[in-house]
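**Student:** Residue numbers (my numbering), protein chains in the order written: chain A, 18 to 132; chain B, 59 to 282.
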Amino acid sequence: MHEFAIASSVLDAVRTEAQLRPGMRVSRIGLRIGDLAGLDPDALSFCFEALTKETDLESVALEIERKPRRQRCSRCANEFVVLNYETSCPECGEESTVFLGGDELELAYLEMEDV
Amino acid sequence: MTQIPLERKVLNENDRIAVDLRARFAQHGILCLNLVSSPGAGKTSLLERTLEAFTPTQRVSVLTGDIQTDNDAIRLARFGFPVRQITTGGTCHLDARMIEKAIADWNLTNLDVLLIENVGNLVCPSSYDLGEAAKIVVLSVTEGEDKPLKYPAMFFRSKLLILNKIDLLPYVPFSIAMARENAQKVHPGMEIIEVSCLTGEGLPKWQAWLENKIASSAKTMAAT
């Protein structure tokens, strides 16, 4: 359970970014979390609410985009989403495939409004 | 309303410190390994057997993380190598800043190997880069062979899997073949070594793996 630590890192990052844009306030935060990031989005949302309650960021919405694991085939270059831990290429059956993504823990965007 | 794309990592600050630590380790030819596992899988036992096998002239240090107590540091200090306990006081993982702080007064020129024992937890430590050359995940045969599927992040991010307590295989329903297959599903090509820290079986393979990594760290420094 490190969602509190992660939520608090998200808020630190958001406050840093918001300070660069005076006269505006944050209305929505877009996060991107990969299936391999080892994070529970529900727990993260819960921690986010708890940490923002009665603060300047209380009314901010948190939007979490999940990213599945993606691989690229070393033989036919097919790019695919991994289902059921199957990392072999679904097109040609090649076992050797390269990891493309799915472990993201990223702040994708902020939505801001004029105050 | 304006949407501002940021496209930055949430753990920027941790990663910045980890990059700095990794550069310092490389500059001094230090091999840094980060041992992770669930509580009780045998990280401390593996470290005991590892320290026991080093010669006293080898320049090895250990950082050991726990939420409370310095029991592990006391266990590990018996072997004569410097050991420092990091007590997190509640935090379920080590982060790069804790490592930076713990080694702040060390002279890194006197060090070849830094072994970090993370807090026992198969989830949270996977998110935090400590500047290590590799994470090593320890899984014991009493835990169930589906752990790699249940905790994919940790097995995906670890270079080596140590399957520990194989002396208990006659007594527990654990399939080594299934555990290996599950690890390979999450992390194709993952290296796996089976050991018993109690009987010593398999430990020479682990020691050979380690010596090989120590030698390449030293060589990398010599080349720069």
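Note that the Cβ used here is the ideal one computed from N, Cα and C, for glycine as well. All of these numbers come straight from a predicted model, not from anything done at the bench.
Name, going along the chain, the residues of the stretch 69–87 of chain B whose beta-carbon falls closer than 9 Å to a beta-carbon of chain A.
**Tutor:** Against chain A - using a Cβ distance shorter than 9 Å - the residues of the stretch 69–87 of chain B are L69, N70, E71 and N72.
**Student:** For the ligand COA, is there a heavy atom less than 8 Å away from the beta-carbon of B/K217?
**Tutor:** Judged by which ligands are present, the structure shown has none, so any question about the ligand COA falls away.
**Student:** Could you check how far apart the C-beta atoms of B/L173 and B/V120 are, in whole angstroms? I think they sit under 8 Å.
**Tutor:** Stepping through the second sequence from its first residue, residue 173 of chain B is reached at position 115. Stepping through the second sequence from its first residue, residue 120 of chain B is reached at position 62. Right, the Cβ-Cβ distance comes to about 5 Å (below 8 Å), so this counts as a contact.
**Student:** Given a threshold of 16 other Cβ atoms within 10 Å of its Cβ, counted over all protein chains shown, does B/P210 qualify as buried or as exposed?
**Tutor:** Residue numbering aside, residue 210 of chain B sits at position 152 when the second sequence is read from its first letter. The residue is buried, with at least 16 neighbouring Cβ atoms inside 10 Å.
**Student:** Could you spell out where the alpha helix (DSSP H) holding B/E106 opens and where it closes?
**Tutor:** Along the second sequence, one-based indexing puts residue 106 of chain B at 48. Where B/E106 is concerned, the enclosing alpha helix (DSSP H) stretches over K101 to A111.
**Student:** Looking at the C-beta of B/A211, does it have a partner C-beta in chain A at a distance below 9 Å?
**Tutor:** Here residue 211 of chain B is taken as the residue at index 153 of the second sequence, counted from 1. Closer than 9 Å to some Cβ of chain A, the Cβ of B/A211 qualifies, so yes.
**Student:** Please state whether the Cβ-Cβ distance between B/P206 and B/L197 is less than 9 Å.
**Tutor:** Residue 206 of chain B sits at position 148 when you count from the first residue of the second sequence. Residue 197 of chain B sits at position 139 when you count from the first residue of the second sequence. Yes. Within cutoff.
**Student:** Please list the residues of the stretch 109–122 of chain A that have a C-beta atom closer than 9 Å to any C-beta atom in chain B, keeping them in chain order.
**Tutor:** Result list: E112, S113, T114, F116, G119, D120, E121 and L122.
**Student:** Is it right to say A/C109 is buried, meaning 16 or more other beta carbons lie within 10 angstroms of its own, or is it exposed?
**Tutor:** Stepping through the first sequence from its first residue, residue 109 of chain A is reached at position 92. By the 10 Å Cβ count, A/C109 comes out exposed.
**Student:** Looking at the structure shown, is B/N240 part of a helix, part of a strand, or coil, going by DSSP?
**Tutor:** One-based indexing of the second sequence puts residue 240 of chain B at position 182. It is helical.
**Student:** By the DSSP assignment, the beta strand (DSSP E) with B/F139 in it spans what residues?
**Tutor:** Residue mapping note: residue 139 of chain B aligns to position 81 of the second sequence, counting from 1. Looking at the DSSP string, B/F139 is not in any beta strand (DSSP E), and its letter there is neither H nor E.
**Student:** Excluding the five sequence neighbours on either side, which residues of its own chain have a C-beta within less than 8 Å of the C-beta of A/E82, listed in chain order?
**Tutor:** Stepping through the first sequence from its first residue, residue 82 of chain A is reached at position 65. The residues are G47, L48, R49, I50 and A125.
**Student:** Return the CA-CA distance between A/G118 and A/A54, expressed in angstroms with no decimal places.
**Tutor:** Locating residue 118 of chain A in the first sequence gives position 101, counting from the first residue. Locating residue 54 of chain A in the first sequence gives position 37, counting from the first residue. Taking the straight line joining both Cα atoms gives about 10 Å.
**Student:** B/Q126 touches chain A at which residues, Cβ-Cβ below 9 Å?
**Tutor:** The residue given as residue 126 of chain B occupies position 68 in the second sequence. Those do not exist, as B/Q126 stays about 16 Å from chain A at its closest Cβ, beyond 9 Å.
**Student:** Mind checking B/R74: buried by the 16 CB within 10 Å criterion, or exposed?
**Tutor:** As a first step, residue 74 of chain B is located in the second sequence; it is residue number 16 there, counting from the start. Exposed, by the Cβ-count rule.
**Student:** Give me the chain B residues within the contact set of A/I23, using Cβ-Cβ distance strictly less than 8 Å, ordered along the chain.
**Tutor:** One-based indexing of the first sequence puts residue 23 of chain A at position 6. Residues of chain B passing the Cβ test: V68, L69 and S185.
**Student:** With 7 Å as the C-beta to C-beta threshold (strictly closer), list the residues of the stretch 238–249 of chain B near chain D in chain order.
**Tutor:** Of the protein chains in this structure, namely A and B, none is chain D.
**Student:** So, are the CB atoms of B/C255 and B/S103 less than 9 Å apart?
**Tutor:** The residue labelled residue 255 of chain B in the question sits at position 197 within the second sequence. The residue labelled residue 103 of chain B in the question sits at position 45 within the second sequence. In this structure, B/S103 lies closer than 9 Å to B/C255 by Cβ.
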